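Colleague: Take 1 as the starting number for the sequence shown in full-length UniProt numbering and just add one per residue. Encoded as structure tokens, here's the structure I'll be asking about.
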Amino acid sequence: MRIMIKGGVWKNTEDEILKAAVMKYGKNQWARISSLLVRKSAKQCKARWYEWLDPSIKKEMEEKQMR
1 MRIMIKGGVW
11 KNTEDEILKA
21 AVMKYGKNQW
31 ARISSLLVRK
41 SAKQCKARWY
51 EWLDPSIKKE
61 MEEKQMR
């Protein structure tokens, strides 16, 4: 039996799908969002959002640089 592991490098198209899905479904529907991304799990989608794509990240970084 072969086990499929989801993952790999995030592509720009996957980032765009993730952004649109978060805007549509919100930040509590990771299983639903991951169903739109065949190669990614709910956990991976959540991590990608909070570590890289969440717009508040950029705002926090800019505020730290201004201090």
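Just so you know, even glycine gets a beta-carbon here, dropped at the ideal spot from N, CA and C. Since the structure is predicted, the reported quantities are computational estimates derived from the model, not experimental observations.
Confirm, please, whether the CB-CB distance from K40 to W30 is below 7 Å.
Modeller: Their beta carbons are not under 7 Å apart, which means W30 does not touch K40 by this criterion.
Colleague: Measure the Cβ-Cβ separation of E16 and L37 and say whether it is below 7 Å.
Modeller: Contact flag unset, no.
Colleague: For chain B, check one thing: does any of its Cβ atoms lie closer than 7 Å to the Cβ of S56?
Modeller: Checking the listed chains, one finds no chain B in this structure; it contains a single protein chain.
Colleague: With a threshold of 6 Å on Cβ separation, who are the neighbours of S34 within its own chain once the five nearest residues in sequence on each side are excluded?
Modeller: Here the set comprises K40, S41, A42, C45.
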